[in-house]
Amino acid sequence: MPMPEIESEIDVAVEDPRWDSVVPDLEAFVIRAVEAGIAIAPDVPDHPVEVSVLLTTDAVVQDLNRTWRGKDKPTNVLSFPAPPQPAHTGVAVPLGDVVLAYDTMLRESAEQGKPLQDHLAHLLIHGTLHLLGQDHETGDTDANAMEALETEALHGLGIPDPYAD
């Protein structure tokens, strides 16, 4: 089933140049993955949206994780939803920010035996779904629902199920 077209503005900032080696045309790849996450959400926005993506280091993510979540360690992806805002014709509504840590992503990809670009797409979709209200930390039912959405979005990008054995 093709994913619906969602008008979106995806801003990509690369703070660590190592990200450029992950996939050719990194910015276009990031945009496709974020749009796949937006399109698969249960409540697909009916208005233009904006998402900011920051590709950075473990140190930056650790600092953000400590400051905003009280966890003094790096993690693979953080999502910072924007406060709810009304939609205005022709103006994209900010969904929030997605921040990824290079070294953690690289390590996880190797540990899980998954292609780096597949893991990157998964983390981008995961982070985007958090911006849209999905939460895997509220119980098994929500975690399973979020995993199913991630798997479906990845399938639409031609990426295998990351949860399959």
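Quick note: the sequence shown uses our numbering, first residue 13, plus one each step. Every residue gets a Cβ at the ideal spot worked out from N, C-alpha and C, and that includes glycine.
Point to revise | Classification of GLU19 by the beta-carbon crowding that lies within 10 angstroms, buried from 16 upward | key: Mapped onto the sequence shown, residue 19 falls at position 7. Answer is exposed; the Cβ neighbour count stays below 16.
Exercise for review: Would you mind stating whether VAL46 and VAL63 have Cβ atoms separated by less than 8 Å?
Suggested key: As a position in the sequence shown, residue 46 is number 34, starting the count at 1. As a position in the sequence shown, residue 63 is number 51, starting the count at 1. Yes, these two residues count as a Cβ contact at 8 Å.
Exercise for review: Consult DSSP for LEU67 and reduce its assignment to one of helix, strand or coil.
Suggested key: As a first step, residue 67 must be located in the sequence shown, where it is residue number 55. Residue state, collapsed to three classes: strand.
Check your understanding: If we ignore side chains and look at the alpha-carbon of each, how far apart do VAL105 and MET117 end up?
Key -> Walking along the sequence shown from the start, residue 105 turns up at place 93. Walking along the sequence shown from the start, residue 117 turns up at place 105. Each residue's Cα considered, the two are about 29 Å apart.
**Study point:** Start-to-end residues for the beta strand (DSSP E) that takes in ALA51
**Key:** By one-based count along the sequence shown, residue 51 stands at place 39. That residue, ALA51, is in no beta strand (DSSP E); its alpha helix (DSSP H) goes 38 to 52.
Review point. Between the beta-carbon of VAL110 and the beta-carbon of LEU136, is there less than 8 Å?
Key: On the sequence shown, residue 110 is found 98 positions in, with the first residue counted as 1. On the sequence shown, residue 136 is found 124 positions in, with the first residue counted as 1. Their beta carbons are under 8 Å apart, which means VAL110 touches LEU136 by this criterion.
Point to revise | Neighbour-count burial assignment, ASP55, 16 or more Cβ in a 10 Å radius | key: Here residue 55 corresponds to residue number 43 of the sequence shown, with the count starting at 1. Answer is exposed; the Cβ neighbour count stays below 16.
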